[in-house]
Amino acid sequence: MYTKQEIIIRSYREGKSQRTISKDLKISRKTVKKYIDEYENFRQQKSDSSLSLPEYLSQPINYKLGERSKLKLTQEVQTEIDRLLSINTQKIQSGQRKQVMKKKDIYEHLQDQGLDIGYTTVCNYIREKENIPSSKETYIRQEYQPGESCEFDWGEIKLQIQSRQVRLQLAVFTSTYSNYRYAMIFQRQDTLSFMESHTSFFEFAGGVYKQMVYDNMRVAVANFVGKHEKEPTKALLRLRGHYQYSHRFCNAYRGNEKGHVERSVEYIRRKAFGLIDSFESIESAQKKLDITIQKINHTKQQLTGKTAKQMFVNEQQTLLPCPPKLSCYEEAYLKVDKYATVCYRTNRYSVPDHLVGNVVEVRIMSSQIFIYTNDTPVARHQRCYGLHQWIISIEHYLSTFKQKPGALKGSVALASCTYLKSLYNDFFNENPRDFIELLSYCQKYSIEGERLETTVKRLLDSGIKHITWEQLKALLGNKQDTGNYQPSDQTTGFAKQQLSQITALLN
Numbered sequence: 001m002y003t004k005q006e007i008i009i010r011s012y013r014e015g016k017s018q019r020t021i022s023k024d025l026k027i028s029r030k031t032v033k034k035y036i037d038e039y040e041n042f043r044q045q046k047s048d049s050s051l052s053l054p055e056y057l058s059q060p061i062n063y064k065l066g067e068r069s070k071l072k073l074t075q076e077v078q079t080e081i082d083r084l085l086s087i088n089t090q091k092i093q094s095g096q097r098k099q100v101m102k103k104k105d106i107y108e109h110l111q112d113q114g115l116d117i118g119y120t121t122v123c124n125y126i127r128e129k130e131n132i133p134s135s136k137e138t139y140i141r142q143e144y145q146p147g148e149s150c151e152f153d154w155g156e157i158k159l160q161i162q163s164r165q166v167r168l169q170l171a172v173f174t175s176t177y178s179n180y181r182y183a184m185i186f187q188r189q190d191t192l193s194f195m196e197s198h199t200s201f202f203e204f205a206g207g208v209y210k211q212m213v214y215d216n217m218r219v220a221v222a223n224f225v226g227k228h229e230k231e232p233t234k235a236l237l238r239l240r241g242h243y244q245y246s247h248r249f250c251n252a253y254r255g256n257e258k259g260h261v262e263r264s265v266e267y268i269r270r271k272a273f274g275l276i277d278s279f280e281s282i283e284s285a286q287k288k289l290d291i292t293i294q295k296i297n298h299t300k301q302q303l304t305g306k307t308a309k310q311m312f313v314n315e316q317q318t319l320l321p322c323p324p325k326l327s328c329y330e331e332a333y334l335k336v337d338k339y340a341t342v343c344y345r346t347n348r349y350s351v352p353d354h355l356v357g358n359v360v361e362v363r364i365m366s367s368q369i370f371i372y373t374n375d376t377p378v379a380r381h382q383r384c385y386g387l388h389q390w391i392i393s394i395e396h397y398l399s400t401f402k403q404k405p406g407a408l409k410g411s412v413a414l415a416s417c418t419y420l421k422s423l424y425n426d427f428f429n430e431n432p433r434d435f436i437e438l439l440s441y442c443q444k445y446s447i448e449g450e451r452l453e454t455t456v457k458r459l460l461d462s463g464i465k466h467i468t469w470e471q472l473k474a475l476l477g478n479k480q481d482t483g484n485y486q487p488s489d490q491t492t493g494f495a496k497q498q499l500s501q502i503t504a505l506l507n
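In full-length UniProt numbering, the protein residues as written are 1 to 507.
Okay, here's the thing in structure tokens:
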């Protein structure tokens, strides 16, 4: 539009020739002639020629665009892309920015849905929706040998566990040679999780890499000595000493120096939890993560034409021998209080009631807590990361309940087990002693909750309205079939002989 104005002004206001205008503006003479002829036609259509020049110069340029239909970017495709972008917006608003789906993820999702569309078309459509500038940086690709090094990093994920948003930590390992990935979910980025992730990975790999690469994470770096030197933590030194590998720290604020795992963290996070982030438990989230990683490791890589799994199988032959698994736990000696519990980080864990007043050994792992007395295990619990919670096993209080059956109904021990509480309220509300006998019987003969639940269901299906302790004992006492018993020929013959004699007497 600026060029058109200059041409008309110089021609009619300044009286310059078309050749001069073309030379001054450095444009084609045909272009100059086109705009002048266009203005002449416009002026002839106007009755007042004095007003035609300002009106013409203020008009916007009209481009002639063809009406072409979109062959691939159909309304169905646009609707699905808009839905995924809406999910991304919701994740950003809920603080899950790192788990949004990128253009590549959206494209792969459309392919999985059977929608025929190109990656460039998807990118162009999304770019029109959200015009986000990106900074570019140059990276130098490195070449690695099998078994040479492996990179480790943490990543935060936000998941809905039983409809409640929780922050969890993703521990990710990536081989620099094969690009094979391995990941685990933990509650925290602490020393126990750091050590357990390594012991599990080395055990899974069946060997140890010559070098592990870390950034400046607090569980690996104890202190900064000078500008470039870093002092490793006791946990890292313990891992190094046991598994006999070397380590390397990347420079501060240069996570890209371990580019494999940096990309792996955000890549795995998006692939596993970009679309589905609601689970019943952390264990089910870990299963979803395992399935995703297995799919990633079995996908062909562009540069090698092989899958990460194929390259990792060959790489395993070059790994250093893996020593026995390192025990990773914190140890504490705690006194059992009057409630038959020990308190660790504001949470209480139950122990057998006969240990009240004793000091017990507590071994704390990232996901479990083991309790010992005189080197004998007496209790095991799932570790709780909440505050002021009671983690109770009802079997720890059976001796006390036998003496105080009235305390069973309102006890935290009964309330902590939903199924047992329901069973008690439905059938044993008036007979707490029978219920205590049932629990003691199950504990004595190691009868699991699943078998008890199945037995109760069998009785209800048979038409029995009220279940008693004697009925359950009769069914639970039956030995489960362990195989087909084949009696000896001698026993069979003797039995037949006795039956024949009895038949003869009756006749």
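By construction, the Cβ of each residue, glycine as well, lies at the ideal position given by its N, Cα and C atoms.
N314 by DSSP, collapsed to three states: which one? helix
Status (buried if at least 16 other CB within 10 Å, exposed otherwise) for Y214: buried
Compute the Euclidean distance between the alpha carbons of K295 and S200, then round it to the nearest angstrom. Our two residues, K295 and S200, have alpha carbons roughly 20 Å apart in a direct line.
Round the Cβ separation of V166 and L115 to the nearest angstrom and send it over; I've been treating them as touching at under 8 Å. At roughly 34 Å, the Cβ-Cβ gap does not stay under 8 Å, so V166 and L115 are not in contact.
As assigned by DSSP and simplified to three states, the class of Y182: In this structure, DSSP gives Y182 an extended state, which the three-state scheme calls strand.
Three-way DSSP call (helix, strand, coil) for N223 in this model: strand
Apart from the five residues on each side of it in sequence, which residues of its chain come closer than 7 Å, Cβ to Cβ, to N484? Summary for N484: the model assigns pLDDT 49, below 50, so the residue's position carries little reliability; its value from the coordinates is reported in the next sentence. Hits under 7 Å: none found.
Considering only residues of the same chain and omitting the five flanking positions on each side of L408, which have a CB-CB separation below 8 Å? Cβ neighbours of L408 within its own chain (closer than 8 Å, five residues either side excluded): F401, L414, Y424, P432, F435, I436.
Considering only C-alpha positions, which residue in the set I364, C343, G406 is nearest to I392? C343
If you follow the alpha helix (DSSP H) that T191 is part of, which residue opens it and which one closes it? 191-205
Here's the rule I'm using: 16 or more other beta-carbon atoms within 10 Å means buried, otherwise exposed. How should F204 be labelled? exposed
Would you kindly work out how many angstroms separate the C-alpha atoms of E315 and S264, rounded to a whole number? In this structure, the straight-line span from the alpha carbon of E315 to that of S264 is close to 19 Å.
How should I276 be labelled, buried or exposed, when 16 other C-beta atoms within 10 angstroms of its C-beta is the threshold for buried? exposed
Burial state of H228 (16 or more Cβ within 10 Å): exposed
Quick check on the burial criterion: 16 or more other C-beta atoms within 10 angstroms. Buried or exposed for H466? exposed
Should N347 be labelled buried (16 or more other beta-carbon atoms within 10 Å of its own) or exposed? Its Cβ being crowded by 16 or more others within 10 Å, N347 is buried.
Look up D153 in the DSSP assignment and give the residues it is bridged to. When beta bridges are read from the DSSP output, D153 appears opposite V172.
In the structure shown, what three-state DSSP assignment does Y243 receive? helix
Beta-carbon within less than 6 Å of A308's beta-carbon, same chain only, minus the 5 sequence neighbours each way: which residues are those? Within the same chain, A308 has close Cβ partners S178, N179, Y180, N297.
Take I270 and list the residues in its own chain whose beta-carbon comes closer than 7 Å to its own, dropping the five residues that flank it on each side. Before going further, note that residue 270 is Arg rather than Ile in the sequence given. Here the set comprises Q99, M101, K102, D105.
Enclosing alpha helix (DSSP H) for A340 [first to last residue]: That residue, A340, is in no alpha helix (DSSP H); it is neither H nor E in DSSP.
Assign K4 to buried or exposed, taking buried as 16 or more other Cβ atoms, counted over all protein chains shown, within 10 Å of its Cβ. Its Cβ being crowded by 16 or more others within 10 Å, K4 is buried.
Excluding the 5 residues preceding and the 5 following Y333 in the sequence, name in chain order all residues of the same chain whose CB lies nearer than 8 Å to its CB. V359, V360, E361, V362
Residue of I371, C328, E470 minimising C-alpha distance to V456: The residue among I371, C328, E470 with its C-alpha nearest the C-alpha of V456 is E470.
Endpoints, the beta strand (DSSP E) within which F370 is located: Under the DSSP assignment, F370 falls in the beta strand (DSSP E) whose first and last residues are 368-373.
Residue burial classification, P321 (beta-carbon count within 10 angstroms, cutoff 16): exposed
Taking the alpha-carbon of I157 as reference, which of H388, C384, F273, S367 has the nearest alpha-carbon? F273
For T454, report the span of its alpha helix (DSSP H) as first-last. 449-461
Going by DSSP in three states, residue 508 sits in which element: helix, strand or coil? Since the first residue of the chain shown is 1 and the last is 507, residue 508 is not available in this structure.
For Y35, which option in I21, Q45, I7, S22 has the closest C-alpha, if you only look at C-alpha atoms? Selected option, being the one with the closest Cα: I7.
Pop quiz: V208 and L319 are said to be a contact at Cβ under 8 Å. What is the actual Cβ separation, rounded to whole angstroms? 6 Å
Are the beta-carbon atoms belonging to K234 and V221 less than 8 Å from one another? no
Rounded to the nearest angstrom, how far is the Cβ of L439 from that of L398, given a contact under 8 Å? 6 Å
If I follow the unbroken beta strand (DSSP E) through E361, where does it start and stop? 359-364
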